[in-house]
Amino acid sequence: MRDLDSQPKPHSDTLLEWYDQHARDLPWRISPADRAQGVWPDPYRIWLSEVMLQQTTVAAVKDYFHRFTTRWPTVADLAAAEDADVMGEWAGLGYYARARNLLKCARVVAQDHGGVFPDTYDGLIKLPGIGPYTAAAISAIAFDRKETVLDGNVERVMARLYDIHTPLPVAKPELKEKAADLTPTGRPGDHAQAVMDLGATICTPRNPACGICPWRTPCAARLAGTATELPKKTPKKPKPTRLGFIYLARNEAGDWLLEQRPDKGLLGGMLGWPGSDWNEDPADRPPFDADWQELGAEVRHTFTHFHLILRVKLAQLPTGYHPQGSEQIIARHDFRPSDLPTVMRKAFDLWKGR
DNA sequence: GATTCGTGGTA
DNA sequence: TTACCAAGAAT
């Protein structure tokens, strides 16, 4: 008769042995072999990667990470960049407050810390855009401090390892406690990356590969057969659908009328087309009087908490039009669709293929 | 504690 | 097609 007390306890050593053999090769990562030789990661690159990876997949981040580090190799370079250049380079990655806070943080580090990142959790968490997870991740990975990271991967691994059925986010403190108990004194940075790699490649949300998991023996959910149900989460609210108008206008030379969106709120600080509010019944009020023609197709886009359907209208921009407020005229050859957030780029793509 | 804040991949 | 999910932070 097997009971829970006869279950072996999970140990970090088992996981680290697995990590030494299976660690993913990531652009910002120092391999466990190199790390063992005394090679340290660049805190700037760890910070940048961690911010980009917030709620974002590794696959989506890779190209952005390469472009950012090529264009701005150090935190001082980034701190000296123009706001619009950074926002444009971030365009398409989403959660644009990250880009605004990234720049704020770079400038604080450059100006108040001599271009050197704080090497402790308490120092890091004071910085813009660095919360509990990212402060723990940077201090563990970049400085090998004994901090415990708690991201979606770790939550899932711990919920399964200990068969915890309390739904998130209520279960968070309990999961953090379990994760902390497993954090070793030696190689805490590799351990943090190992748990996250395990969650990303073995202990996945659907179809976890329990048969090849280094922690299969001590896993309580595997024993109970509940792995795929965990972690439990409180149900999400349904997404409403909002409507809106956007207005594409260019003059005879091919220059476009765009606007800088306000710093706060949705797509804050990003470039976009002039448009209406987004709600159930938006008013169709173009930025100037003209013969506005509606394009046949609509832009459909889904944000975190609502669906959006945009009707796109087109008109010729009068020669000599003076941009008002946040509007700006961008010369034909200065306009890069890649500077636009995806929903705005979809409207441009619609025009291009009209 | 609940809400806001993007996007692309996947089943 | 829809819903879920991803190395969360700020308010």
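For the record, in the first sequence the residue sitting at position 178 is 178 according to UniProt numbering, with numbers rising by one throughout. Cβ atoms here follow ideal geometry from the backbone N, Cα and C, with glycine treated the same way.
With DSSP run on the structure shown, which of helix, strand or coil describes residue i?
i, result
"E177", "helix"
"Y133", "helix"
"I164", "coil"
"K352", "helix"
"W90", "helix"
"F65", "helix"
"A315", "strand"
"W28", "coil"
"T228", "helix"
"A81", "coil"
"V51", "helix"
"E7", "First, the residue type needs correcting, since residue 7 is Gln and not Glu in the sequence shown. Coil, per DSSP."
"R336", "coil"
"N279", "strand"
"L150", "coil"
"Y96", "coil"
"E252", "coil"
"A140", "helix"
"I212", "helix"
"Q260", "strand"
"G296", "strand"
"M344", "helix"
"R145", "coil"
"T241", "strand"
"K233", "strand"
"L267", "coil"
"Q193", "helix"
Report the option in the options whose CA atom is closest to the CA atom of residue i.
i, options, result
"P43", "A137, E229 and S276", "A137"
"C213", "L198, G225 and H66", "L198"
"P262", "T241, A81 and L271", "L271"
"L350", "Y64, E294, I46 and P286", "E294"
"V61", "L48, L182, H301 and G152", "L48"
"G353", "Y96, Q316, V51 and A297", "A297"
"A224", "G115, A159, T56 and L16", "A159"
"M196", "L53, G38, V39 and E89", "L53"
"D144", "D119, V157 and I125", "D119"
"N153", "I125, S139, A192 and A140", "A192"
"P184", "K146, D163 and A171", "K146"
"E252", "I309, P318 and Q111", "P318"
"R98", "L15, M87 and V108", "M87"
"T74", "T226, H333, G115 and P41", "G115"
"F65", "K346, G265 and I46", "I46"
"Q21", "T228, P240, F348 and D190", "D190"
"S326", "A283, V343 and P274", "P274"
"T304", "D289, V343, P287 and V157", "V343"
"R156", "R187, L230, P188 and S139", "L230"
"P167", "Y321, K236, P41 and D25", "K236"
"P287", "V299, D77 and L248", "L248"
"D289", "I164, T302 and K313", "K313"
"R250", "P41, H322, D163 and D25", "H322"
"A23", "G211, A200, A76 and D77", "A200"
Ordered along the chain, which non-local residues of its own chain (more than five positions away) have a Cβ less than 6 angstroms from that of residue i?
i, result
"A180", "T148"
"P341", "A91, L267 and M270"
"P128", "N101, K104 and C105"
"I330", "W256 and L258"
"D151", "Y133"
"V39", "I30"
"I130", "L124"
"S12", "L182, P184 and H191"
"W18", "P214"
"G254", "R332"
Short check: CB of residue i to CB of residue j, under 8 angstroms?
i, j, result
"N279", "R242", "yes"
"T134", "V51", "yes"
"A315", "D281", "no"
"L16", "A209", "no"
"R107", "E89", "no"
"T228", "R206", "yes"
"F306", "K239", "yes"
"I202", "A347", "no"
"Y95", "Q37", "no"
"G244", "L308", "yes"
"A142", "A110", "no"
"A140", "P188", "yes"
"Q260", "Q328", "yes"
Can you find the residues in the same chain that come closer than 8 angstroms, C-beta to C-beta, to residue i, ignoring five residues on each side of it along the sequence?
i, result
"L161", "P10, K178, W215, P218, C219, A220 and A221"
"P8", "T217 and P218"
Tell me which same chain residues have a C-beta within less than 7 angstroms of the C-beta of residue i, skipping the five on either side of it?
i, result
"D334", "none"
"R285", "S276"
"P27", "K62, F65 and H66"
"P337", "R345 and F348"
State yes or no: is the C-beta of residue i nearer than 7 angstroms to some heavy atom of the ligand MG?
i, result
"T120", "With respect to small molecules bound, the structure shown includes none, and the ligand MG cannot be examined in it."
Exercise. With a cut-off of 8 angstroms, do at least 3 Cβ pairs link the segment 75–85 to the segment 21–35?
Worked result: no
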